[in-house]
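One structure is given below, encoded as structure tokens.
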Amino acid sequence: AVRVGVLSLQGDVREHLRMLEESGATAITVRRVGELESVDALVVPGGESTTIDKLSRAFDLRDPIRQRITEGMPVLGTCAGMIMLADRIVGGIAGQQTFGGIDMTVRRNAFGRQIDSFETDLEVDGLDEPLHAVFIRGPWVESCGAGVEVLATVDRGEAGVHPVVVRHGPLLAASFHPELGTDHRLHQMFVDDVRARA
Ligand code: GLN
Numbered sequence: 045a046v047r048v049g050v051l052s053l054q055g056d057v058r059e060h061l062r063m064l065e066e067s068g069a070t071a072i073t074v075r076r077v078g079e080l081e082s083v084d085a086l087v088v089p090g091g092e093s094t095t096i097d098k099l100s101r102a103f104d105l106r107d108p109i110r111q112r113i114t115e116g117m118p119v120l121g122t123c124a125g126m127i128m129l130a131d132r133i134v135g136g137i138a139g140q141q142t143f144g145g146i147d148m149t150v151r152r153n154a155f156g157r158q159i160d161s162f163e164t165d166l167e168v169d170g171l172d173e174p175l176h177a178v179f180i181r182g183p184w185v186e187s188c189g190a191g192v193e194v195l196a197t198v199d200r201g202e203a204g205v206h207p208v209v210v211r212h213g214p215l216l217a218a219s220f221h222p223e224l225g226t227d228h229r230l231h232q233m234f235v236d237d238v239r240a241r242a
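By the working numbering, the letter at position 184 of the sequence shown is numbered 228, and the numbering carries on one by one without gaps.
As structure tokens, this is what we get:
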């Protein structure tokens with residue numbers, strides 16, 4: 045089985061471990077460089093991107109993760125994890141850094157205060173049935189480069205239509221929380237891609 049790590053500095057780690065196991069992967073927590081070195085792929089969970097950024101530096105994981113991304117390690121980032129995979133962010137705090145890798149600009153807390161949490165059934169390219177998506181103070185993709193595939197968008201009326209699932213080579217990112225609930229199809233898509241690249 046492919047071995048997939050979940051970056052376990054902060055955020056909803058357990059739910060991702062379960063989804064990955066249900067998708068046929070061996071899932072482990074990653075808090076140290078040695079653990080990072082042992083995995084074929086990584087999930088960066090939702091939580092708080094400013095905290096994940098700070099802790100990844102405190103745990104000396106930031107540079108090794110950036111290095112692995114440069115070498116082509118597949119990564120799935122959800123919500124705060126999507127922010128961590130963005131080359132550029134809007135609405136970050138002073139000094140906030142990301143791992144980068146996806147040629148996109150994301151807007152943090154993009155959906156606004158009144159509607160910052162909501163659920164919707166989302167059409168995702170590559171999935172035959174809509175995916176129930178739970179958004180919790182998530183980002184959206186403000187703009188992305190030509191190499192980035194948009195797999196799903198959300199229409200916020202006057203606020204516009206924005207990508208919420210994107211893929212850039214081995215990197216997959218979602219604005220919402222596919223690890224909540226029982227539907228593991230997005231994780232399955234990721235694990236299948238990891239296996240195909242292994
Ligand atoms: N708003 C959070 C951030 O900026 C993300 C929220 C989440 O992951 N649920 O990191």
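Quick reminder that beta carbons are idealized off the backbone N, C-alpha and C, glycines included.
- Around the beta carbon of A203, fewer than 16 other beta carbons sit within 10 angstroms, so the residue counts as exposed.
- Taking a 10 Å sphere around the C-beta of A102, we find fewer than 16 other C-beta atoms and assign the residue as exposed.
- Counting only the Cα atoms, E81 lies some 32 Å from N153.
- When secondary structure is reduced to three states using DSSP, G135 falls in the coil class, being assigned neither helix nor strand.
- Sorted by position in the chain, G90, G91, E92, S93, C123, A124, I127, R152, N153, I180, R181 and G182 make up the residues whose C-beta lies under 6 Å from a heavy atom of the ligand GLN.
- Secondary structure at V192: coil, using DSSP grouped into helix, strand and coil.
- Spanning the alpha carbons of G49 and P118 requires a straight line of approximately 11 Å.
- When Cβ pairs closer than 8 Å are counted between the two stretches, the stretch 221 to 237 is seen to touch the stretch 58 to 69, the count reaching three or more.
- Contact annotation, L51 with V74: C-beta distance approximately 5 Å; criterion of less than 8 Å satisfied.
- Beyond the five residues adjoining it in sequence on each side, E186 comes within less than 7 Å, by CB distance, of V134, T149, V150 and R151 in the same chain, given in chain order.
- G91 sits away from A45, with the two beta carbons spaced by 7 Å or more.
- Annotation for H231: the continuous alpha helix (DSSP H) segment containing it runs R229 to R241.
- Taking the Cβ atoms as the reference, L129 lies roughly 5 Å from A217, within the contact range of under 8 Å.
- Looking at the backbone, the Cα of G136 and that of G144 are separated by about 14 Å.
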